[in-house]
Amino acid sequence: METKEKEEKLSFQQLLHLFKETQQRIDRTNEMIEKSSAELSAKFKEDIRFQDIEKFLKELGKQIGGIGNKFGTFNEELVLSSLRNLLYKNFSCSTTMCFNHQKNGTVLEIDLLGISKDAYYIIEIKSHLREDSIEQLKKEIVQFKQFRPLFEDKKVYGLITATHYDEKIRNKVLEEGIYFISITDDIVKMDVPDNFTAKAW
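Each number in my numbering comes from the position in the sequence shown (counting from 1) with 44 added on.
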């Protein structure tokens, strides 16, 4: 009889122990779930913050680009009057701002077009001179001659004017037979050496 009571008592203790172990496992599982949930929530918030930051940076980039474009337009207007005077003094030409012409779906846009009795002068106005500015101007000259077949007897000259430039690129402009006009402290100057020979297209 005593042995049976002891077995029942041991069985109860074992059940109690198992219950405690099970409860501990449940508690640990709940902790893991809460931790995982917190981590997922934090990651989700972080992803949202990243998306917001990415969106903000894209918008900021657009605004900066817009400011740069406005500065370029402002720079052109700032030097336009002095530039026109310089062109008239050197080439006796009148000028047309923002010349646009369209033919067969192709659009030609020229910053400033000079017209004299014997020649045309295609002027590119740049705030910062880059090497591709040379090719851009040469392309415009070729297009202009294609668009204006009635005036093929007139020569066409290229000019580039810039406020910021590297001497190496400036020298390349001159090597191509293109006039270079520098702008320093709002002073517009024909910046070519004495032995410069302009190329006529």
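We treat Cβ as the ideally placed atom computed from N, Cα and C, and that holds for glycine. Computed from a predicted model, the values in this text were never measured in an experiment.
In the DSSP assignment, residue 211 falls within the unbroken alpha helix (DSSP H) covering 211–219. If you compare the alpha carbons of 152, 144, 226, 178 with that of residue 130, the shortest gap goes to 226.
The secondary-structure analysis by DSSP pairs residue 233 across a beta bridge with 226.
For the alpha helix (DSSP H) assignment, the uninterrupted runs of no fewer than 4 residues enclosed by the stretch 164–207 are, from N- to C-terminal side, 176–191.
With respect to residue 242, residue 222 sits close: the two C-beta atoms are nearer than 9 Å. Using a Cβ-Cβ distance cut-off of 8 Å, the stretch 174–193 and the stretch 125–140 are not in contact, since fewer than three pairs of beta carbons, one from each stretch, lie closer than that value. Around the beta carbon of residue 162, a 10 Å sphere encloses fewer than 16 other beta carbons of the protein chains shown; the residue is thus reported as exposed. When rounded, the separation of the alpha-carbon atoms in residue 143 and residue 137 is 15 Å. Sequence-distant Cβ neighbours of residue 224 in its own chain, meaning closer than 7 Å and more than five residues away, are 204, 214, 217, 218, 235, 236. Residue 173 and residue 210 have their C-alpha atoms roughly 7 Å apart.
Look at residue 144 here: in three-state DSSP terms it is strand. Assignment of beta-bridge partners to residue 138 by DSSP yields 159. A residue is called buried once 16 or more other Cβ atoms fall within 10 Å of its Cβ, and residue 153, having fewer, is exposed. Taking the Cα positions, residue 126 is about 31 Å away from residue 150.
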